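Below is one structure, written out as structure tokens; comments come after it.
There are 4 protein chains.
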Amino acid sequence: MQDVEAIEKRVRASFERQALMALIGARLVSVGRGAADIKLDFRKDLTQQGGVLHAGVVTSILDSACGYASLTMMPEASEVVSVEFKVNLLRPAEGDAFLAEGRVLKAGRTLSVVRGDAYADSAKGRALVATMLATMMRIEPK
Amino acid sequence: MQDVEAIEKRVRASFERQALMALIGARLVSVGRGAADIKLDFRKDLTQQGGVLHAGVVTSILDSACGYASLTMMPEASEVVSVEFKVNLLRPAEGDAFLAEGRVLKAGRTLSVVRGDAYADSAKGRALVATMLATMMRIEPK
Amino acid sequence: MQDVEAIEKRVRASFERQALMALIGARLVSVGRGAADIKLDFRKDLTQQGGVLHAGVVTSILDSACGYASLTMMPEASEVVSVEFKVNLLRPAEGDAFLAEGRVLKAGRTLSVVRGDAYADSAKGRALVATMLATMMRIEPK
Amino acid sequence: MQDVEAIEKRVRASFERQALMALIGARLVSVGRGAADIKLDFRKDLTQQGGVLHAGVVTSILDSACGYASLTMMPEASEVVSVEFKVNLLRPAEGDAFLAEGRVLKAGRTLSVVRGDAYADSAKGRALVATMLATMMRIEPK
Numbered sequence: 007m008q009d010v011e012a013i014e015k016r017v018r019a020s021f022e023r024q025a026l027m028a029l030i031g032a033r034l035v036s037v038g039r040g041a042a043d044i045k046l047d048f049r050k051d052l053t054q055q056g057g058v059l060h061a062g063v064v065t066s067i068l069d070s071a072c073g074y075a076s077l078t079m080m081p082e083a084s085e086v087v088s089v090e091f092k093v094n095l096l097r098p099a100e101g102d103a104f105l106a107e108g109r110v111l112k113a114g115r116t117l118s119v120v121r122g123d124a125y126a127d128s129a130k131g132r133a134l135v136a137t138m139l140a141t142m143m144r145i146e147p148k
Numbered sequence: 007m008q009d010v011e012a013i014e015k016r017v018r019a020s021f022e023r024q025a026l027m028a029l030i031g032a033r034l035v036s037v038g039r040g041a042a043d044i045k046l047d048f049r050k051d052l053t054q055q056g057g058v059l060h061a062g063v064v065t066s067i068l069d070s071a072c073g074y075a076s077l078t079m080m081p082e083a084s085e086v087v088s089v090e091f092k093v094n095l096l097r098p099a100e101g102d103a104f105l106a107e108g109r110v111l112k113a114g115r116t117l118s119v120v121r122g123d124a125y126a127d128s129a130k131g132r133a134l135v136a137t138m139l140a141t142m143m144r145i146e147p148k
Numbered sequence: 007m008q009d010v011e012a013i014e015k016r017v018r019a020s021f022e023r024q025a026l027m028a029l030i031g032a033r034l035v036s037v038g039r040g041a042a043d044i045k046l047d048f049r050k051d052l053t054q055q056g057g058v059l060h061a062g063v064v065t066s067i068l069d070s071a072c073g074y075a076s077l078t079m080m081p082e083a084s085e086v087v088s089v090e091f092k093v094n095l096l097r098p099a100e101g102d103a104f105l106a107e108g109r110v111l112k113a114g115r116t117l118s119v120v121r122g123d124a125y126a127d128s129a130k131g132r133a134l135v136a137t138m139l140a141t142m143m144r145i146e147p148k
Numbered sequence: 007m008q009d010v011e012a013i014e015k016r017v018r019a020s021f022e023r024q025a026l027m028a029l030i031g032a033r034l035v036s037v038g039r040g041a042a043d044i045k046l047d048f049r050k051d052l053t054q055q056g057g058v059l060h061a062g063v064v065t066s067i068l069d070s071a072c073g074y075a076s077l078t079m080m081p082e083a084s085e086v087v088s089v090e091f092k093v094n095l096l097r098p099a100e101g102d103a104f105l106a107e108g109r110v111l112k113a114g115r116t117l118s119v120v121r122g123d124a125y126a127d128s129a130k131g132r133a134l135v136a137t138m139l140a141t142m143m144r145i146e147p148k
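Same order as they appear, the protein sequences are chains A, B, C and D. The first sequence begins at 7 in the numbering used here and counts up one residue at a time. The second sequence begins at 7 in the numbering used here and counts up one residue at a time. The third sequence begins at 7 in the numbering used here and counts up one residue at a time. The fourth sequence begins at 7 in the numbering used here and counts up one residue at a time.
Encoded structure:
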């Protein structure tokens, strides 16, 4: 098994290639074995009609967090793709900043099951705004 | 029940306020009773690490299409929020343009169940790349 | 590719080994390429607290229908297991008889995506009561 | 707010009316604020073709556990119905006994989001075999 530094380096290299993360201003703030955290600041151009973060943006950072959490448990020369995910939106995604935490529930040889939680930070404190349950798949690089 | 023109006008007004749709270049191309279609051109800044459309972008246009499909079946002074959705990613989202179709399966007084299909158009033709099953909720405007 | 009769025979043999289907009285009524239908008569011992079919029973026949629909598209010496599924319950499952239809959306080498619809038949006609979106996985027999 | 004893009494009365739970031999073993646990012993007539517990049975006890967990947070004269759920099946449901734990993530006025985990107990110890993410809805009794 690789050491944590090597894993983080590999995950960061892949994250850098996710152009969408740059577009929306998302940063990979933490990587560990079976875990990855992504942060995002509120921006008006990321909202839905009511002025809060669009569910698609919440899903984007949850999906990347869950995908990279699962990648940390895979052999070195692996790529990860999302098979499917489900998101429950618990509260309006209101806040100044958002945190998406991906945590592996089960790391399999081919498939991994990952849970993701998205929090909003505001003057009122931190609130859980969405939760994801996802299946990620390891693929051999071409 | 409102006529279709009034419904489309109302849906378009709400879509215009979804700043994320402008950021990613998504257009509402069709609205009918229980249906809404959104189009998106490929752009490099919307991709994941493998160079295809990020699952979060696919989800964003599916979510908006499903939400607006359900809004067309609601009383005039309604707003819609996403309760939850599940997305299965069937193939890599490779193509020049993408179409998200939202279709209402069941319109309820409070909750609606909506199916969404996302297609990729390329030189090889049209391919179904993702499918969504979503629950949308009617809320009274504040 | 096997002929349809051989596929049906293989699916029926597996269905016969699903003891739960016998317990609840479910019958495999139709098998085709990418499709499997299961019927169930209403019984009082299959209900939830309100007297209608328990969501777990609706899910049981949908899961088996979706699993066998995907098995029809797999090589001869394959077994199928459910990876995950999502079920939306559209209406109370009230009726004299129920039909679960499994239909393959995408048959992959390892994973298949399958849609399932459950209908209730009553004096009022046929009503869609639930819909499933499932991921099934091919495994090599031991 | 009701006291815990009153809540448990109300939940038990509803569970007793779920005929399916009696058919499969499931018992409500614990009820608390936002929590409900159900146990089930392995029986051969609850299996799928491979001899392990059918995913529909795992879902049945998870659904009831999640529904009753949410009912504990609702006003006294409420009924609960399942809106939708998603289940990821992490491992074959092999064991002598099974435990389904329902835990409320968010209790809303109309909708609640509930997580459910299902464990298998065997000579090898306890293993997480499935996890559910569900939406439950409060309805006024007729």
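Quick reminder that beta carbons are idealized off the backbone N, C-alpha and C, glycines included. The model shown is predicted, which means the values in this text are computed figures rather than measured ones.
| Check | Outcome |
| --- | --- |
| Straight-line CA distance for Lys45 of chain A to Val86 of chain A? | 20 Å |
| Hey, out of A:Val120, A:Val89, A:Asp127, A:Arg115, whose CA is closest to Ile145 of chain C's CA? | A:Arg115 |
| Are the CB atoms of Thr141 of chain C and Val120 of chain C nearer to each other than 9 Å? | yes |
| Of the residues B:Arg16, B:Ala12, B:His60, B:Ala133, which one's Cα is nearest the Cα of Gly73 of chain B? | B:Arg16 |
| Pick out the complete beta strand (DSSP E) segments inside the segment 89-115 of chain A, 3 residues or longer, and give them in chain order. | 103-113 |
| Compare the beta carbon distance of Ala71 of chain D and Glu107 of chain D with 9 Å and say whether it is the shorter of the two. | yes |
| Spell out the partners DSSP gives Thr141 of chain B in its beta bridges. | B:Glu90, B:Val119 |
| If the cut is a Cβ gap below 8 Å, which residues of chain B does Leu139 of chain C touch? | Lys92, Asn94, Thr137, Leu139 |
| 9 Å is my cut-off, CB to CB: does Met143 of chain A come that close to chain C? | yes |
| Where do the ends of the alpha helix (DSSP H) carrying Ser66 of chain B lie? | 61-77 |
| Going by the DSSP bridge assignment, what does Lys45 of chain D pair with across the sheet? | D:Arg33, D:Leu105 |
| Would Lys50 of chain B be called buried (16 or more neighbouring beta carbons within 10 Å of its own) or exposed? | exposed |
| Hey, does Leu111 of chain D have any beta-carbon neighbour from chain A nearer than 9 Å? | yes |
| Across the segment 86-95 of chain B and the segment 77-84 of chain A, are there enough close Cβ pairs to call them in contact, namely three or more that are closer than 8 Å? | no |
| Would you please state the rounded distance, in angstroms, between the beta carbons of Leu68 of chain B and Leu52 of chain A? I believe it to be under 8 Å. | That pair is no contact at about 17 Å. |
| Would you mind working out which of B:Met143, B:Arg18, B:Lys112 sits nearest Ala42 of chain B, comparing C-alpha positions? | B:Arg18 |
| So with CB distances below 8 Å, who are the chain A contacts of Leu26 of chain B? | Asp51, Leu52, Thr53, Gln54, His60, Gly62, Val63 |
| Under 7 Å Cβ to Cβ from Leu111 of chain D, same chain only, skipping five residues before and after it: list those, please. | Val119, Val120, Arg121 |
| Whose Cβ in chain D lies nearer than 8 Å to the Cβ of Val119 of chain A? | Asn94, Leu96, Thr137 |
| Out of B:Val37, B:Gly57, B:Arg97, point me to the one whose CA is closest to Ser20 of chain B's CA. | B:Val37 |
| Does chain B have any CB closer than 9 Å to the CB of Ser76 of chain A? | no |
| Is the beta carbon of Gly131 of chain A closer than 9 Å to that of Leu26 of chain B? | no |
| Please identify, using Cβ separations under 7 Å, the residues of the segment 30-41 of chain C that lie next to chain D, in order along the chain. | none |
| Starting from Val89 of chain C, find everything on chain A with Cβ-Cβ shorter than 8 Å and list it in chain order. | Val89, Leu117, Thr141 |
| What whole-angstrom Cβ distance do Phe104 of chain C and Ala124 of chain C have, given they're in contact under 8 Å? | 6 Å |
| Flag Glu85 of chain C as yes if its beta-carbon sits less than 9 Å from any beta-carbon of chain D, otherwise no. | yes |
| Would a C-beta distance cut-off of 9 Å place Ser84 of chain C and Thr65 of chain D closer than the cut-off? | no |
| For Arg23 of chain B, return the contacting residues in chain A, with the cut-off set at a CB-CB distance below 9 Å. | Thr53, Gln54, Gln55, Gly56, Gly57 |
| Does any residue of chain C have a CB that is nearer than 9 Å to the CB of Leu134 of chain B? | yes |
| Within 9 Å of any Cβ in chain C, is that where the Cβ of Asp69 of chain D sits? | yes |
| Indicate whether at least one CB of chain C lies closer than 9 Å to the CB of Ser20 of chain D. | yes |
| Have a look at the DSSP bridge pairing and note the partners of Asp127 of chain B. | B:Ala103, B:Arg132 |
| Flag this pair as yes or no: are the beta carbons of Gln55 of chain B and Arg23 of chain A separated by less than 9 Å? | yes |
| If distances are taken between C-alpha atoms only, which option among B:Arg39, B:Leu59, B:Gly40 comes closest to Phe48 of chain B? | B:Leu59 |
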